[in-house]
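The structure under discussion appears below in the form of structure tokens.
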Amino acid sequence: MTSPFRRRAAVAARRVQRRAVVMAAGRRHHPFRPGLKRTGAGWRRTKRVLHGVLLGVVAIIGMLIGVQLGGHTTQDIGPFQAQLSLTPSLRGDTSVEIPPLGSLELDSHDGPAHLQIRLESLDEARTRAVVADGGNLEQVSHDAVDQLNLGVRRLALQTAGSGLLGAMILVGLTFRARRETAIGGLVVVAVLASVGGATALSFKPAAIQEPTYRGLLVNAPAIIGDARRISDRYEEYRAQLQKIVLNVSKLYGTISALPVYEPNTSATKVLHISDMHLNPAAWGVVRTVADQFDVDIVVDTGDINDWGSEPESSYVGEISRLRVPYLYVRGNHDSAVTAAAVAKQPNAIVLDNSIATVEGLTFAGIGDPRFTPDKSTDTTDAEQHTAVVTSGERLAEKILSSPKPVDVAMVHDPVAAQPLAGICPLVLAGHRHARSITRLDPSAPVVLPSDAASPVAQQPERTLLMVEGSTGGAGLRGLESAKPLPLALSILYFDEDRRLTAYDDIQVGGTGLTEVALQRHIVTADKAAPAPSVSVVPAPSSTSVSPSVTTSGR
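Residues in the sequence shown are numbered from 7 upward in steps of one, following my numbering.
What follows is the structure, given as structure tokens:
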């Protein structure tokens, strides 16, 4: 008879034996791998990272949904009810829509948030009362700034709240956990704080002075106002914003014949046109701009005709209808017959290596030495280039010998402008059918004649060269391209010291030539030291012009 102790020992031995068999089988089918534990830990870390990325993506998507749904509000601004909205954007900026007159676009800030202000409706009774009382109108425009600031602040808080709420709701529905919902909220708060900080740091108060207007041509000067000095102070930003609200209030307060509001009448306005090329529609645009902006002078840098023939002379008869002085230099498509026809107009002055003072500004100009309407000539491109440069040198000598400083020089081809660098502050040209703004450095020191004491040679700033596009859309040849050229012209603003302070670039196109794109630019003093290179003045649609380019073409 087996003792209990032996039976228990036998049972334990059998258990140990079975365990050994199982472990041996496990080693055969699942051999031990030293990296197994580390691989498991790495997968857990990867899983946590993927979980965090997914959480962030879901939170951002929820924030964007919330911003789209809640990023808009209404606000009374003066006599208007405005719709304010914030939307994600790579460019930032601010747009002010004024239906049906057009819109103003302001490069107010950079970053991922775009502010849109749309004037939806107008209280007619309040508007009539405001317009009837000029003092009340000033007060309304002043209060409108505070109202707009209040609306923008409320919009920012509302948009941030909507984005945070949208993120937390979507994260909660996706992960169904309080911890993930709280983390998603913190992520969105960090993103919104970064967006707000980037917007605040990139805010540009002076942008209010350089708006881009798009809309009806006749309304452009009334909405955009007059040239103003640039300033980075908030008080200046506030004052200029008041003026825009004041302008728009005046517009809406009139049933017909919209008035042009002029906050500053001391500026001399010069309308620069070029390369009309016999386009009959161009004259209507020129007259409209001259009338609506109340310009003082029109300057034409040539190519008013296409072939310079006698029958084309009737085209220049429209000059007399402008009712302001008209200064003209001959282009390479204009013949002596063309120049003579222009000279017959009662308000026209033809400059051909001559100087004239009009409305307090002194102009010097010279015609293009070539006559190549069909681009055929017996001379080579090099000879033509030399002839154009020589014409610029002749005009420079004329300016240096003048007892009176010259404010503006006029040539047709920009190549003729290089000899004028350092001789006068501003040179106007055309010929290229493309807008460009450049600063020209003198290639050699300017030496005054012994009998001249003109202060022009001591001009500390580099010469500004402004090349106009084609006011006639390059005529019939403009239709040869896939996209016809727009009609281009500019308004230059000179202060009481005869300095260029601002300019408006205008491009006209669309059905019936009623649409206009107008952009204001403020001209600041050129503080760069003289250098042999050419620096470009910023302009969204401008193209650099090098004075060494050959003159064949147009």
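Cβ coordinates follow ideal geometry from the N, Cα and C atoms, glycine included.
Who are the near neighbours of V193 in its chain, counting only those whose CB is closer than 8 Å to its CB and skipping five residues on each side?
L61, G62, A65, I66 and A173
Between the region 349–358 and the region 319–336, do at least 3 Cβ pairs fall closer than 8 Å?
yes
Please state the DSSP three-state secondary structure of I279.
strand
Quick check on Q23: does DSSP put it in helix, strand or coil?
helix
Nearest-angstrom beta carbon gap, H339 and V312 [assumed within contact, 8 Å]:
It should be pointed out that residue 312 corresponds to Asp in this sequence rather than to Val. Right, their Cβ atoms sit about 6 Å apart.
Report the three-state DSSP secondary structure of A173 (helix, strand or coil).
helix
Using C-beta distances below 8 Å, list every residue in its chain close to D149, excluding the 5 sequence neighbours before and after it, in chain order.
G84
Using only the alpha-carbon positions, how far apart do D419 and S397 sit?
10 Å
With H, G and I counted as helix, E and B as strand and the rest as coil, what does DSSP make of G290?
helix
When the Cα atoms are used, what is the spatial distance from S552 to S442?
With a pLDDT of 31 at S552, under the threshold of 50, the predicted position of this residue should be treated as unreliable, though the coordinate-derived value follows. Using only the alpha carbons, I get a separation of about 10 Å.
R445: first and last residue of the uninterrupted beta strand (DSSP E) it sits in
S442 to L446
Between D503 and A273, what straight-line distance do the alpha-carbon atoms span, to the nearest angstrom?
10 Å
Using the C-alpha atoms, what's the distance from S200 back to V291?
47 Å
Which partner residues does E103 have in the DSSP bridge list?
S109 and R124
Given a cut-off of 8 Å, decide if V421 and V394 are closer than it, judged by their beta-carbon atoms.
yes
Are the region 150–169 and the region 177–190 touching by the rule of at least three beta carbon pairs closer than 8 Å?
no
Contacting residues, own chain, Cβ-Cβ under 8 Å from V73 (five flanking each side not counted)
L92, T93, P94, T165, S168, G169 and G172
Could you tell me the boundaries of the beta strand (DSSP E) in which V364 lies?
S360 to V364
Given G436 as reference, the closest of H278, Q87, L56 and A296 once Cα atoms are compared
H278
Less than 6 Å between C-beta atoms, sequence neighbours within five positions excluded: which residues of the same chain meet that for L154?
I83
Which residues mark the beginning and the end of the beta strand (DSSP E) in which D510 is found?
L506 to G515
From this set, V412, G314 and E126, which residue's C-alpha is nearest S341's C-alpha?
G314
Less than 8 Å between the C-beta atoms of L75 and L161, yes or no?
no
Measuring only the C-alpha atoms, how far is Q81 from A212?
24 Å
Determine whether the beta carbon atoms of A427 and L446 lie at a separation below 8 Å.
yes
Output needed for G191: all residues of its chain with C-beta closer than 7 Å, excluding positions within five of it in sequence on either side, in chain order.
L170, A173 and M174
Nearest to T294 by CA position, among L328, A508, N285 and Y509, is which residue?
L328
Nonlocal neighbours in the same chain, by C-beta distance under 6 Å from E324, ignoring five residues either side
W289
Apply the 10 Å Cβ neighbour rule to T469 and answer buried if 16 or more other Cβ atoms are within range, or exposed otherwise.
buried
Three-state secondary structure (DSSP) at A346?
helix
Ordered list of beta strand (DSSP E) runs contained in the region 302–326, each at least 3 residues
303–306
Is K275 near D297, with beta carbons less than 8 Å apart?
no
For the candidate residues E474, R505 and L506, whose alpha-carbon lies nearest to that of S496?
E474
Buried or exposed, going by whether 16 or more other CB atoms sit within 10 Å of the CB of P538?
Low confidence applies to P538: its pLDDT is 34, below 50, so where it sits in the model is not reliable, and the reading given next is rough at best. P538 comes out exposed.
Might you give, ordered along the chain, the residues of its own chain that have their beta carbon closer than 8 Å to the beta carbon of E126, omitting 5 neighbours on each side?
T80, F86, Q87, A88 and Q89
Please work out which residues of its chain come closer than 7 Å, Cβ to Cβ, to I189, disregarding the five sequence neighbours upstream and downstream, and give them in chain order.
L61
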